[in-house]
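Have a look at the structure below, then the notes.
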Amino acid sequence: MEVVVVESPAKAKTINKYLGSGYKVLASFGHVRDLPAKDGSVKPEDDFAMSWQVDTASNKRLNEIASAVKAADGLILATDPDREGEAISWHVLEVLNKKKALKDKPVKRVVFNAITKNAVLDAIAHPRDIDGPLVDAYLARRALDYLVGFTLSPVLWRKLPGARSAGRVQSVALRLVCDRETEIEQFKPEEYWSILAQLKTAAEASFTARLTGFDGKKLTKMGVKDGDTAGAIKAMLEAASFKVANVEAKPVKRNPPPPFTTSTLQQAASAKLGFAPARTMQIAQKLYEGVDLGSETAGLITYMRTDGVQMAPEAIDSARSAIGERFGGRFVPEKPRFYSSKAKNAQEAHEAVRPTDFTRAPDAIRSVLTDEQFKLYDLIWKRGIASQMEQARLERTTVDILAEGNGKRAELRATGSVVTFEGFFAAYTEHRDDQKADDEDGDDNRLPPMAEGETCAREAIEANQHFTEPPPRFTEASLIKKMEEIGIGRPSTYSATVSTLKDRDYVRLDKRALVPEPKGRLVTAFLQDFFERYVEYDFTADLEEKLDLISDGKLAWKDVLRDFWRDFSAHVDETKELRIANVLDALNERLEPLVFPKREDGSDPRICPKCGTGQLSLKLGKFGSFVGCSNYPDCSYTRQLGQEGNGEADAFADGPQVLGKDPFTGEEITLRTGRFGPYVQRGEGKEAKRTSVPKGWKPEEIDHEKALALLSLPRDVGAHPETGKMISAGLGRYGPFVLHDGTYANLESVEEVFSVGLNRAVTLIAEKKAKGGARGRGAAALKELGEHPQVGGPVTVHDGRYGPYVKHGKINATIPKGTDPMSVDLPKAVELIAARAEKAGKKVAGPSGAKKKATGKKKAAPKKATGKGKAAASASADE
């Protein structure tokens, strides 16, 4: 018996059926090792040595694989056919060797691009060794992403509070979104007019012609700049006679597009089906891994992470056969079509995304697919079929019209086309946004028959005013398309990179458009000013090419790391000396339209609207950036970055907005804005009750009723039936919640805070306790060391935003760099806490002030908290 290792359990089940009882197929569930989310996992000073860690779940699976291998005759590594798949096989092999599970047993590496019986059996019959250069490319990419994430992110945290992380590709993708927003802000619309003539032939057939020349001058689309000129031309045309000056009809051919790559699949699914890229990949994964067809379980599409556009010869033959049967022999071209791949590295240029069996038409298997699966499979099948079909043939007609009147001449043109042979159009047409029009207007309407010299009658003349529009914001799909065009990222990381930007709150989706949040624009501006080289498109694309050369065996991976790290680390060291004032000055200048939007009255946007003398500037607070007055503390004016100028600030233009009075206290209720955004307030002075306007609620929609509801929080829901203690509902830093005896449970929406009942609240609290208990203010403990030996009270180890630390009461003491936090014992922790307390001028106090004897007993460490390391690591894990 031989053990076969694949990545997913669904795939394992299907493949085991194909291979039979002589094989045991086990799943690794993706990656089995990763770099620990802490400093020192990659050691540049030790020739880039990398420390790998196996998590608990992966360790259990690896033990199962090791046990199976010990009892087997050999090992077959059959993970996915790309760089990540190669890396997983390498990791599995490394762990098995350490466990001494292999001994002298043979190890084979096989890859298959489709999960069908023939593809799997063929792969098993043609094994190879693990591809060393491909693994090297993975190691280089992982090390680069780690080094950027764990080196650059702390710089952001220190110099730009509120920023979450930076990543090698993530930051460049964010720059694309922010640069587009800057283009939109700086765009100055230009006026132009279009002149259209609605004409009619002698046979009473109507058509439309556009103005192309006037008074001997050729006119472009924007040739008429103002209404006076447009009016004069319109008046001339209304008095003119029209005659056909020339008719030209010529054949046009359109070639089919190639089958899908990862990027083009995500773009087409977004345009035609409305699927987000991440959702597209989830559905495609299922179609690839296998669907129960009743008679068998089979993968319906080939591997979906690819930049290749070619299909295997047998797939081309299958497609041509299916075309002949479904559409007819005239739709099959004389010779098969071959497409060249844009991939720079043949080792990573797999087949395109295509059906595994072209005879398996979408409508024939619709009953076994979900609605989303059917739509995506239908799209992939049609694109794959179309790629091997005959050209579409059209006849494009251009008619030039001469107009004469009032002693002046004008030229007009009408264009149209008709499909003379559908060709691949019978199966698939590209989305209009992705299709290149064959003429300026893209007019595919058919024109009526006309002959040179024929007179046309005028029905109406239109003069329409237009203004040029700024470039559109990126959608997720168009951002991926742009990333592919400029050469940053790779098929396996496009979707994850975009998802990271949303998860970090650097961008938000607004009607499918990606809008940069102020936080994202601040990060981009900071990196452009102080790390410009590392967010340059060409630099990042060049690094991607080097990674491809590594996987092709043409570059040594550690040489690439050395070259990068030498300059990068030196640059980071320089920025550590930056003063915050220098950072703010640079950001004020680069983000001027965002920080100081123009005011309607034309006054200086940098002058404080409250005191009239102070200068506004970016300020950095504990929770992020805001705009404040230079006369602070005499002037307390603050507002959120990006708030003024977008409609929200209008409510605060003249100071607090009065919403009414509290019916119980008679105090005035007002709507205000501060450094943390808009809020409602009852009364005045230090004792005034204040509540922030929750995210998603627009300030201009806050009325007296909503303000009262917000000020009533936290709201008592009812007494817990078991403890008798009150359950309350409120809004916190992490969103809406219910609270009982120190245990917080999240609510789904802000609105639920005001409506949640006792039964649901009790259920939520119980579910939260079952998952791990209360949510405290700080990070969960990595390790509990015991009671403080002098004053009592628990001493714990945590992993925080700025690194690992020990905690006792309100005193947090940083663990020295280079020290493994899990190695810190109670005496060492007490020493660190005492030193920190002395430095801060505080006393180490116990809960009751009395000394307690230390137990010396250590409890089992809970699951590691998500702190600084994970934030940076997740920023770089998918680039």
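Each step along the sequence shown adds one to the number in full-length UniProt numbering, with nothing skipped, and position 253 is 253.
All C-beta atoms in this analysis are idealised placements derived from N, C-alpha and C, irrespective of residue type, glycine included.
Cα-Cα separation, residue i to residue j
{"i": "residue 290", "j": "residue 13", "result": "10 Å"}
{"i": "residue 773", "j": "residue 743", "result": "Because residue 773 carries a pLDDT of 46, less than 50, the predicted location of this residue cannot be relied on, and the following value inherits that uncertainty. If I take the Cα positions, the gap works out to 6 Å."}
{"i": "residue 449", "j": "residue 390", "result": "28 Å"}
{"i": "residue 80", "j": "residue 378", "result": "24 Å"}
{"i": "residue 714", "j": "residue 667", "result": "19 Å"}
{"i": "residue 441", "j": "residue 237", "result": "With a pLDDT of only 44 at residue 441, under the threshold of 50, the placement of this residue in the model should not be trusted, and no figure is reported."}
{"i": "residue 85", "j": "residue 158", "result": "37 Å"}
{"i": "residue 585", "j": "residue 665", "result": "46 Å"}
{"i": "residue 356", "j": "residue 270", "result": "23 Å"}
{"i": "residue 467", "j": "residue 386", "result": "39 Å"}
{"i": "residue 428", "j": "residue 102", "result": "51 Å"}
{"i": "residue 226", "j": "residue 191", "result": "7 Å"}
{"i": "residue 25", "j": "residue 100", "result": "20 Å"}
{"i": "residue 582", "j": "residue 575", "result": "11 Å"}
{"i": "residue 835", "j": "residue 608", "result": "44 Å"}
{"i": "residue 122", "j": "residue 113", "result": "11 Å"}
{"i": "residue 740", "j": "residue 753", "result": "14 Å"}
{"i": "residue 413", "j": "residue 405", "result": "17 Å"}
{"i": "residue 48", "j": "residue 30", "result": "24 Å"}
{"i": "residue 458", "j": "residue 203", "result": "13 Å"}
{"i": "residue 767", "j": "residue 321", "result": "56 Å"}
{"i": "residue 840", "j": "residue 789", "result": "21 Å"}
{"i": "residue 746", "j": "residue 736", "result": "6 Å"}
{"i": "residue 228", "j": "residue 396", "result": "34 Å"}
{"i": "residue 331", "j": "residue 488", "result": "38 Å"}
{"i": "residue 156", "j": "residue 361", "result": "52 Å"}
{"i": "residue 854", "j": "residue 770", "result": "A caution first: residue 854 carries a pLDDT of 39, below 50, which makes its placement in the model unreliable, though a value can still be read off. Near 30 Å, if we compare the C-alpha coordinates of residue 770 and residue 854."}
{"i": "residue 691", "j": "residue 674", "result": "11 Å"}
{"i": "residue 460", "j": "residue 640", "result": "53 Å"}
CB of residue i within 8 Å of CB of residue j, strictly
{"i": "residue 401", "j": "residue 244", "result": "yes"}
{"i": "residue 140", "j": "residue 756", "result": "no"}
{"i": "residue 456", "j": "residue 234", "result": "no"}
{"i": "residue 717", "j": "residue 731", "result": "no"}
{"i": "residue 169", "j": "residue 475", "result": "no"}
{"i": "residue 120", "j": "residue 18", "result": "yes"}
{"i": "residue 578", "j": "residue 530", "result": "yes"}
{"i": "residue 257", "j": "residue 430", "result": "yes"}
{"i": "residue 27", "j": "residue 547", "result": "no"}
{"i": "residue 364", "j": "residue 214", "result": "no"}
{"i": "residue 297", "j": "residue 491", "result": "no"}
{"i": "residue 817", "j": "residue 796", "result": "no"}
{"i": "residue 424", "j": "residue 384", "result": "no"}
{"i": "residue 811", "j": "residue 833", "result": "yes"}
{"i": "residue 165", "j": "residue 504", "result": "yes"}
{"i": "residue 195", "j": "residue 230", "result": "yes"}
Buried versus exposed call for residue i [16 or more other C-beta atoms within 10 Å across all chains shown]
{"i": "residue 417", "result": "buried"}
{"i": "residue 522", "result": "buried"}
{"i": "residue 707", "result": "buried"}
{"i": "residue 82", "result": "buried"}
{"i": "residue 693", "result": "buried"}
{"i": "residue 89", "result": "buried"}
{"i": "residue 116", "result": "buried"}
{"i": "residue 798", "result": "buried"}
{"i": "residue 638", "result": "buried"}
{"i": "residue 602", "result": "exposed"}
{"i": "residue 284", "result": "buried"}
{"i": "residue 175", "result": "buried"}
{"i": "residue 53", "result": "exposed"}
{"i": "residue 670", "result": "buried"}
Whole-angstrom C-beta distance between residue j and residue i, which should lie under 8 Å
{"i": "residue 273", "j": "residue 375", "result": "5 Å"}
{"i": "residue 368", "j": "residue 304", "result": "That pair is no contact at about 19 Å."}
{"i": "residue 92", "j": "residue 32", "result": "6 Å"}
{"i": "residue 266", "j": "residue 534", "result": "The pair is not a contact, with the Cβ atoms about 26 Å apart (cut-off 8 Å)."}
{"i": "residue 262", "j": "residue 309", "result": "No, residue 262 and residue 309 are not in contact; Cβ-Cβ is about 11 Å, not under 8 Å."}
{"i": "residue 498", "j": "residue 527", "result": "Actually they do not touch by this definition, with Cβ atoms about 18 Å apart."}
Any non-hydrogen atom of the ligand FMN closer than 7 Å to residue i Cβ
{"i": "residue 416", "result": "This structure does not include the ligand FMN; it has no bound ligands of any sort."}
Proximity test, Cβ basis, 8 Å: residue i and chain B
{"i": "residue 762", "result": "The chain labelled as chain B is not found in the depicted structure, where only one protein chain is given."}
Please confirm if the segment 106-120 is in contact with the segment 62-78, defined as three or more CB-CB distances below 8 Å between the two stretches.
yes
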